[in-house]
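Residue numbers (full-length UniProt numbering): 1 to 396.
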């Protein structure tokens, strides 16, 4: 025991980190924390670093009961909650007419959430992947709402992910977004009013969003938070409308843009790529270095008419700093396909698809930008099931 207590903190941390590589590291860390008090803080820090909670529809389910036990333990030993850095919370409970037993369990989870004062990464997801149902935030118990808002607004938090949440208080999002590095929204709608605030130093660098959530971010008081945006990933599997005054318009030095857009027969006069780049801040045309596009055609007609959905023309030549382009093209299949494949081709027509757009693409990318070995220009083509067009995001 004296030997363990005499070890320097750095060596104890190194031993614990080495144990983390073992398959049975959880039980080993638990046993080691009992050997000597010197190891207890370091072991507990690793053991309680990540919290995964589930509020299930079935209150007798394993995940639900395990989460309640976890929450009750944190309530009994509050110092353990302070070790939580990564919090993933999945809600599968009913969204309307919540039974009393669910209310009690949700309040228990809420009490534990309020104790997690050092969370840096928070992921709140409702339902399962491809689910169309959303969590109606205002219909959940008041204590639970307060706990979620408290975790969302932690000053320590750097990453926030909300999936399938409707009527989320916009004031809570405003309080959180100023200190974020990454914001991930999927099927999120906002409600309420907010005041202008001195946002101070803005840290938001990455925004991942679907189109519905993106439109909800156009509120005037939120606009200053997007000036320093470096990466935007936008999924838009719907007909795009003009999206003036959104985050793209405010990002003055965007470096990476990832788009997953869908083309239909109604887009002949307004290609979706044009709609999005019309929104792009003029200064970002000179800073955008990495462009990744996933283009989905709902019909073969749109693919034949314009495989690139308006990418060629004035857009690409205007991206003076573009360093890499990754392009994949998908055609929605009318059949019930469980998966889709994407295959690459190294030369024009290598996939058996010939179109004048390939020549336009080469012409739009000046050769001098693509001569270095570090530069990347890759393309692919494949088929995606029409039944899975909206199931590529949103959790498992």
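No residue lacks a Cβ here, since even glycine has one placed at the ideal position from N, Cα and C.
Remember, it's a predicted structure, so these values are computed and weren't measured experimentally.
Inset, instruction - Check whether the segment 81-90 touches the segment 116-133, taking contact to mean three or more Cβ pairs, one atom from each stretch, closer than 8 Å. - result: Taking 8 Å as the limit for Cβ pairs, the verdict is that the segment 116-133 does touch the segment 81-90.
Legend entry - residue 46 (DSSP reduced to helix, strand or coil): helix
Legend entry - residue 155, DSSP secondary structure in three states: coil
Legend entry - Endpoints, alpha helix (DSSP H) assigned at residue 96: Note, residue 96: premise wrong, no alpha helix (DSSP H); not H, not E.
Legend entry - residue 300 classed as buried or exposed, judged by whether at least 16 other C-beta atoms fall within 10 angstroms: Around the CB of residue 300, fewer than 16 other CB atoms lie within 10 Å, so the residue is classed as exposed.
Inset, instruction - Measure the CB-CB distance between residue 153 and residue 169 and report whether it falls below 8 Å. - result: no
Legend entry - Closest by C-alpha distance to residue 235, when choosing among 205, 273, 229, 225: 273
Inset, instruction - Find the nearest neighbour of residue 261 within the set 226, 51, 209, 149, judged by alpha-carbon distance. - result: 209
Legend entry - Residue interval of the beta strand (DSSP E) (run including residue 429): With the chain represented from 1 up to 396, any question about residue 429 goes unanswered, as that position is not in the structure.
Legend entry - Environment of residue 91 [buried if 16+ CB atoms lie within 10 Å]: buried
Legend entry - residue 262, DSSP secondary structure in three states: strand
Legend entry - Backbone secondary structure at residue 169 - three-state DSSP: Here residue 169 sits in strand by DSSP.
Legend entry - Backbone CA spacing between residue 182 and residue 205 [nearest angstrom]: Near 6 Å, if we compare the C-alpha coordinates of residue 205 and residue 182.
Inset, instruction - Starting from residue 161, follow its DSSP beta bridges and name the residues at the other end. - result: 123, 184
Legend entry - Sheet register partners of residue 210 (DSSP bridge): 235
Inset, instruction - Hey, could you find the ends of the alpha helix (DSSP H) residue 272 is sitting in? - result: 272-279
Inset, instruction - Report the rounded CA-to-CA distance for residue 426 versus residue 111, giving the unit in angstroms. - result: Lying before the first or after the last residue shown, residue 426 is absent from the chain, which here runs from 1 to 396.
Inset, instruction - Check whether the Cβ atoms of residue 287 and residue 245 sit closer than 8 Å, and answer yes or no. - result: no
Legend entry - The alpha helix (DSSP H) enclosing residue 254, as first and last residue numbers: Residue 254 -> no alpha helix (DSSP H), and no H or E assigned at all.
Inset, instruction - Pull up the DSSP beta-bridge partners for residue 55, would you. - result: 91
Inset, instruction - Closer than 6 Å by C-beta to residue 280: which residues in its own chain qualify, once you throw out the five before and the five after it? Chain order, please. - result: 248
Legend entry - Reduced DSSP secondary structure (H/G/I, E/B, other) of residue 191: In this structure, residue 191 counts as strand in the three-state DSSP scheme.
Inset, instruction - Over the uninterrupted alpha helix (DSSP H) stretch that includes residue 76, give me the two end residues. - result: 62-76
Inset, instruction - Determine the closest residue to residue 141 out of 184, 96, 158, 190, with distance taken between C-alpha atoms. - result: The residue from 184, 96, 158, 190 with its alpha-carbon nearest to that of residue 141 is 96.
Legend entry - Selection from 102, 270, 48 that minimises the alpha carbon distance to residue 77: 48
Inset, instruction - Report, in whole angstroms, the separation of the C-beta atoms of residue 290 and residue 324, which I expect to be a contact under 8 Å. - result: Distance from residue 290 to residue 324 at the Cβ level is roughly 5 Å; contact confirmed, criterion being Cβ atoms closer than 8 Å.
Inset, instruction - Would you decide whether residue 54 is buried or exposed? Buried here means 16 or more other CB atoms lie within 10 Å of its CB. - result: buried
Legend entry - residue 316: first and last residue of the uninterrupted alpha helix (DSSP H) it sits in: 315-318
Inset, instruction - Find out if the Cβ-Cβ distance for the pair residue 251, residue 222 is shorter than 8 Å. - result: no
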